[in-house]
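Per my numbering, the sequence shown starts with residue 8, numbered consecutively.
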Amino acid sequence: MTNNDVLAKKIEDFQEKIDLPSNFWIFQQLLHPVLTNYLIIPLYSFFELGRWVLLAFQKLKILSKAVHKKEKQGKKPSYIPKKMPNALAFLALYQFKKLNKFNTHRKKIAKFYDKNLKNLRFVLPKKHPERTYMRYSILIENYDTDEILKQARKQKIFLDDGWRKTPIVPPDTDQGKMGYTFGTCLQAEKVAKSILNLPIHINISKKDAQRITKFITTK
């Protein structure tokens, strides 16, 4: 998006030249919300079966990963750049209709965390009435966050979304090929190791948030 007419023309010309992604790739993306919401997530609490189902789907190329292995090596996947297909544009427009509902829910759950985690040992996000979080990120210093997540899984609480542990995520990204040298941003490295991302998406109920806060406050 730009308000520069010259740049807008260049973008338009570039868009006209690129192709659409393959039908198979489009099909993979359309399967994501269906399989995730109706199979993978419901099975997560059953001996973490949902996790293994997800890995199997990715291994079989039925579903694509959020970050391609080439991207983790600083390379560009074959499906970039491509035009947005109509099917995904339709899906995006449909989701935009629910944006206010989603954001209201996120703010509600974030406010619950604000209230129930304050005055404890955690570093909480700074309050801002207009801010809508994608995740509610807290810092737990001087604790092994990997161990906390391990204990959480035993109680069927799944908090590890992969966006932690290293300055550039996911953790299996080649930091060097991304231009990062360990030791150059010590604060970022410290935060990455002590951060926990609490979920606030539409499928997290107040009861779920209560279970999460009860678990976190006893660690």
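For every residue, glycine included, the Cβ atom is placed at its ideal position computed from N, Cα and C.
What are the partner residues of residue i, as DSSP defines its beta bridges?
i: L203; result: I145
i: V130; result: L146
Kindly indicate the opening and closing residues of the alpha helix (DSSP H) around residue i.
i: N6; result: No answer is possible for residue 6: the residues shown for the chain start at 8 and end at 226.
i: K76; result: 76-79
i: Y140; result: Run containing Y140: none; DSSP gives neither H nor E here.
i: Q65; result: 56-66
i: D153; result: 152-161
i: F97; result: 93-103
i: L70; result: Per DSSP, L70 belongs to no alpha helix (DSSP H) and is neither H nor E.
i: P88; result: That residue, P88, is in no alpha helix (DSSP H); it is neither H nor E in DSSP.
i: L50; result: 48-51
Applying the 10 Å Cβ sphere with the 16-neighbour rule, what's the burial state of residue i?
i: A159; result: buried
i: R171; result: buried
i: I207; result: buried
i: T180; result: buried
i: T152; result: buried
i: R113; result: buried
i: P174; result: buried
i: F238; result: Lying outside 8 to 226, the shown extent of the chain, residue 238 is not represented and no answer is given.
i: K79; result: buried
i: A216; result: buried
i: A96; result: exposed
i: Y101; result: exposed
i: L127; result: exposed
i: S201; result: buried
i: I223; result: buried
i: A117; result: buried
i: Y45; result: exposed
i: I211; result: buried
i: L70; result: buried
i: I47; result: buried
i: L203; result: buried
If residue i sits next to residue j, beta carbons under 8 Å apart, how far is it from one beta carbon to the other, in whole angstroms?
i: L205; j: R142; result: 7 Å
i: P92; j: L38; result: No, P92 and L38 are not in contact; Cβ-Cβ is about 14 Å, not under 8 Å.
i: L50; j: L56; result: 4 Å
i: N149; j: T220; result: Not quite, the Cβ-Cβ distance comes to about 20 Å (not below 8 Å), so this is no contact.
i: V198; j: L146; result: 6 Å
Are the C-beta atoms of residue i and some chain D residue less than 8 Å apart?
i: K16; result: Absent here is chain D; the protein component of the structure consists of one chain.
Considering only residues of the segment 170-214, which uninterrupted beta strand (DSSP E) runs meet the minimum length of 3 residues and lie entirely inside it, listed in chain order? If you keep only unbroken beta strand (DSSP E) runs of at least 3 residues inside the segment 170-214, you get 202-205.
Tell me the start and end of each unbroken alpha helix (DSSP H) in the segment 10-46 that is at least 4 residues and wholly inside, in chain order. 12-24, 30-42
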